[in-house]
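Encoded as structure tokens, the structure appears first; notes follow it.
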Amino acid sequence: MKLAIISGSHRKNSQSEKISKYLIKELSLKFSVSTYLLSLSENPIPLMDEDFFNPEDPNWKKVWQPISSELQSCDGIIIISPEWHGMVPAGLKNLLLLSSAKEFGHKPGLIVSVSAGISGSYPVNELRTSGFKNSRLCYIPEHLIIRDCTHVLNFEAPENPADESIRSRITYALNILLEYSKALKLVRESDKIDHKTFPNGM
């Protein structure tokens, strides 16, 4: 089992990346699951343009092919999005534009929203209503909202009741994601998927 973790913040040393590293450690220690981390702060991806659709374009081959190969090798996707002005960051939306069913098709997705305050619901709503139509990414019903993010997941042990609570919820959400990953693998391995005839969602 292998999961992709996408840290959607453009900022260096972001809270999203901190949470990504916490999830990687949890998945390794508690579930023995391998991970691929795609951090948009360390790997700024160019905006999608018409050259992206040319499979022989040298610039896009260099940028996208390694990312695409890693995503294709994963059984599930964790998308971590900060809430910036009540929105998903532009770089993360760009990644969703670039990703197709080849990378995401019929794989479970866990949304993790990150807020420095008490909000955090807007990225969940935005991701659940866009970014999956053609890629066929299957967001699972469970999601996580990491509120007051600077005061949780900083140390080995919880530092406050909210920290303890979100750690418990993270473990639960990862358990659910892994079960969906097992189940949807059967769908992908079936002979029912026909992206050649139906390349786009409705």
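Residue numbers (our numbering): 4 to 205. Beta carbons are placed, not taken as given, at the ideal position from N, Cα and C, and that holds for glycine.
In the displayed model, alanine 119 falls within coil according to three-state DSSP, outside both helix and strand. Put simply, the backbone Cα of alanine 165 is about 7 Å away from that of valine 155. For alanine 7, the enclosing beta strand (DSSP E) has its first and last residue at 5-10.
Here DSSP, grouped into helix, strand and coil, assigns serine 171 to helix.
In this structure, serine 19 lies near proline 85, with their beta-carbon atoms less than 9 Å apart. A distance below 8 Å between beta-carbons, with the five flanking residues on each side excluded, links proline 47 to the following residues of its chain, in chain order: His13 and Gly94.
The alpha-carbon separation between valine 117 and lysine 199 amounts to approximately 37 Å. Linking threonine 153 to lysine 64 through their CA atoms gives a straight-line distance of about 37 Å.
Using a Cβ distance threshold of 9 Å, serine 10 and glycine 79 do not count as a contacting pair. About 36 Å separates the beta carbon of phenylalanine 158 from that of serine 138, a gap too long to meet the 8 Å contact definition.
Contact annotation: isoleucine 173 and tyrosine 39 have beta-carbon atoms that are not nearer than 9 Å. Contact between alanine 7 and isoleucine 81 holds: CB atoms are separated by about 7 Å, below the 8 Å threshold. DSSP, reduced to helix, strand and coil, places cysteine 152 within a helical segment of the structure shown.
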